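Take the first sequence: its position 34, counted from the start at 1, is 33 in numbering that gives the first Met the number 0, and no numbers get skipped. What follows is one structure encoded as structure tokens, with my remarks underneath.
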Amino acid sequence: MAYWLMKSEPDTFSISDLERLGQAPWDGVRNYQARNFMREMQPGDEFLFYHSSCQPPGVAGIGRVVSEPYPDRTAIDPDSPYHDPKASIERLPWTAVDVAFQRKFPHLLTLADLRSLNGLEALALLQRGSRLSVMPVTTQQWQIILAAM
DNA sequence: GCCAACGTTGGC
DNA sequence: GCCAACGTTGGC
């Protein structure tokens, strides 16, 4: 089983939305590096649900991958905000997974909190200029983060 | 294949 | 709203 971190803007889709729905597709990823990580995901993997572009940004809880990676059909939906004009039924370049709610943290573990922890220096999230929205988290990093809650 | 221009991300 | 950093596009 692997660990991940996935970013979402809470105005668009938050940990509370996932809690309410129980399960939802994680789609709309339009970055090749992030997509390639999604293609490595397997059912049972867990991820840190990170709220971005909000005040303050931070990890809001934990979700679980519950499907194999599959083609993201929002790419061929002209009404979707994630529509990709270069995608077609024959050629679906993007990947989604289904995710389930696991738990919400009692309080947000903020980006500032994460920066203050030792042992997370290699986490892509904390790299200067990093914009990656899906990234792997090592077992060690995972344990450090959960221990800080 | 290079690289300038442009668009996006996301913290602040 | 600003802007640094990065990814993508497209002319050459």
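We put the beta carbon where it would ideally sit given N, CA and C, even for glycine. Keep in mind that this is a model prediction, so the values were computed, not measured.
DSSP state of residue i mapped onto helix, strand, coil
i	result
T109	strand
Y49	strand
W3	strand
F36	helix
A95	strand
Q54	coil
Buried or exposed (CB count within 10 angstroms, at least 16 for buried), residue i
i	result
H50	buried
Best match in the options for proximity to residue i [C-alpha to C-alpha]
i	options	result
P55	D83, L108, A121	L108
A147	H106, E120, T137	H106
R127	Q142, R114, P77, M0	R114
L4	P135, P70, P77	P135
Distance between beta carbons of residue j and residue i, contact taken as under 8 angstroms
i	j	result
T73	S79	4 angstroms
A99	Q41	Actually they do not touch by this definition, with Cβ atoms about 14 angstroms apart.
Chain-order list of residues whose beta-carbon lies under 8 angstroms from that of residue i (same chain, five-residue window excluded)
i	result
D83	R29, A74, I75, P92, W93
G118	Q139, Q140, I143
Nonlocal neighbours in the same chain, by C-beta distance under 6 angstroms from residue i, ignoring five residues either side
i	result
G60	I14, F48, R102, K103, F104
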